[in-house]
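Per mature numbering (1 follows the signal peptide of the UniProt record, and there is no 0): the sequence shown = residues -26 to -1, 1 to 211. Here's the structure we're looking at; comments come further down.
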Amino acid sequence: MRGAGWLAGLLAGLLAAGCGESTSSAADFGEELFQDDRLSESQFNHFSCATCHATTPSPAAGRLLAGHTLHNTAFRPSWWGGYETELLNAVNFCYVHFMRGVAPLTREEPKSRALYEYLVRISPDPQAPALPFTVVADIMEVPRGAVSRGAEVYRAACQDCHGETHTGKGRLTEQASVLPEVVNDYDALFPGVPKSLVVIEKIRHGQFFGVGGNMPLYSLEALSDEDLGALLAFLEL
Ligand code: HEC
Ligand code: HEC
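The structure is reproduced here in structure tokens:
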């Protein structure tokens, strides 16, 4: 018979912990969730928030991530280039589309509360402005750049998920195709379309515009056309 007495004890303990303390432990829990791919209940998901977002004031050195750093994200007036005006919706966009979350996170869930407290903790500036986010609408060829720069871009932007070129060694998940060999099928799949354009489409639109999958898209802010051109030269495309 541990019934009511046990529950009352637990509640008393929680109340005694006090408000400030529970907020900071919620933020700690949120930080763990941020780095854990099990945040999404899908067994097919291998991404955590940290796969695509830094949390430091400036972007992470040596990495070109698809998402902005989330330092100061909590109080911006809008997100996703103005498409989202609620923070939870901005997060759910990633959660559902990239992390295969089965249903959007709801405001009441402890997971959402904890993530929110963590995002607040890394947002010291309550006046932080919205960040630019420019999606390339029309897919066009870009001038090719230096192979050496392309190798750096590959390491900084693609390698975490895709592993080494030609083998995929060290890739995050086997779902991530081996580059650039995956293009060998493109003539059959996309007859008449240059292979490089299919790759540019994938990088610029991710899963959107009917492309499918769960790779993130790269805006112009995340990856310049110049770096894209260097990357394509490195991939011999
Ligand atoms: C597969 C990559 C990926 C994953 C995983 C991911 N995101 Fe994103 N996220 C993006 C991209 C791309 C954008 C659009 C560019 C941007 O605004 O940062 C974005 C945008 C956002 C924004 C809006 C930022 C702004 O100022 O416009 C927030 C907030 C955000 N993500 C939070 C999260 C959180 C929290 C998680 C984990 C639950 C997460 N994201 C998981 C790629 C990802
Ligand atoms: C967050 C992880 C992640 C990052 C970062 C990433 N990819 Fe991907 N990519 C994937 C996954 C997973 C797939 C397979 C599912 C899909 O098509 O979305 C994929 C698919 C692709 C495909 C299409 C393969 C096919 O099936 O035709 C290409 C091309 C590609 N990635 C290129 C790149 C390049 C180039 C970069 C770096 C600029 C990059 N990816 C960065 C995860 C990632």
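Glycine included, every Cβ here is placed at the ideal spot set by N, Cα and C.
Are the segment 27 to 34 and the segment 111 to 125 touching, with three or more C-beta to C-beta distances below 8 angstroms? no
Residues bridged to residue 58 (per DSSP): 53
Among residues of its own chain, excluding the 5 on either side of residue 86, which ones have a beta-carbon nearer than 7 angstroms to its beta-carbon? 62, 79 and 80
Look at residue 113 and residue 171 and say whether their C-beta atoms are less than 8 angstroms apart. A contact, by the Cβ cut-off of 8 angstroms.
Across the segment 36 to 56 and the segment 14 to 22, are there enough close Cβ pairs to call them in contact, namely three or more that are closer than 8 angstroms? no
Indicate the three-state DSSP secondary structure (helix, strand or coil) for residue -10 in the structure shown. For residue -10, the pLDDT reaches just 45, beneath the cut-off of 50, and the residue's location in the model is therefore unreliable, although a value from the coordinates is still provided. Coil at residue -10, not helix or strand.
Do you know whose CA, among 162, 75 and 51, lies nearest residue 105's CA? Comparing Cα positions, the closest option is 51.
Give every residue of the same chain whose Cβ lies closer than 6 angstroms to the Cβ of residue 208, excluding the five residues on either side of it in the sequence, and list them in chain order. So the list reads 121, 124, 125 and 128, once near-sequence residues are dropped.
Count the other C-beta atoms from every protein chain shown that fall within 10 angstroms of the C-beta of residue 69, then say buried if there are 16 or more, exposed otherwise. Classification of residue 69: buried, given that the 10 Å Cβ count is 16 or more.
Please give me, in chain order, every unbroken run of the beta strand (DSSP E) with length at least 3 that falls completely inside the segment 6 to 58. none
Given residue 145 as reference, the closest of 75, 90 and 135 once Cα atoms are compared: 135
What first and last residue would you give for the alpha helix (DSSP H) that runs through residue 203? Residue 203 -> alpha helix (DSSP H) spans 199 to 208.
Rounded straight-line distance, which links the Cα of residue 75 to that of residue 162: 32 angstroms
According to DSSP, is residue 193 part of a helix, a strand, or is it coil? The three-state secondary structure of residue 193, taken from DSSP, is coil.
Answer yes or no: do residue 216 and residue 179 have a C-beta to C-beta separation smaller than 8 angstroms? With the chain running from -26 to 211 in the structure shown, residue 216 is simply not present.
What are the uninterrupted segments assigned as alpha helix (DSSP H) that are 4 or more residues long and contained completely in the segment 52 to 128, given in chain order? 61 to 71, 84 to 95 and 121 to 127
Along the alpha helix (DSSP H) that carries residue 162, what are the first and last residues, could you check? 160 to 163
Closer than 7 angstroms to a non-hydrogen atom of ligand 2 - does that hold for the CB of residue 85? no
Could you check how far apart the C-beta atoms of residue 173 and residue 211 are, in whole angstroms? I think they sit under 8 angstroms. In this structure, residue 173 and residue 211 form a Cβ contact; the two beta carbons are roughly 6 angstroms apart against a cut-off of 8 angstroms.
Do residue 3 and residue 54 have their beta-carbon atoms positioned less than 8 angstroms apart in this structure? Contact: no.
Quick one: give me the first and last residue of the alpha helix (DSSP H) that residue 143 is part of. From DSSP, residue 143 is part of no alpha helix (DSSP H); its letter is neither H nor E.
For residue 49 and residue -3, I'd like the C-alpha separation in whole angstroms. Take the alpha-carbon of residue 49 and the one of residue -3: they are about 18 angstroms apart.
If you draw a straight line from the C-alpha of residue 169 to the C-alpha of residue 157, how long is it? 6 angstroms
Alpha carbon of residue 154 to alpha carbon of residue 140, nearest angstrom: Taking the CA atoms as reference points, residue 154 sits about 7 angstroms from residue 140.
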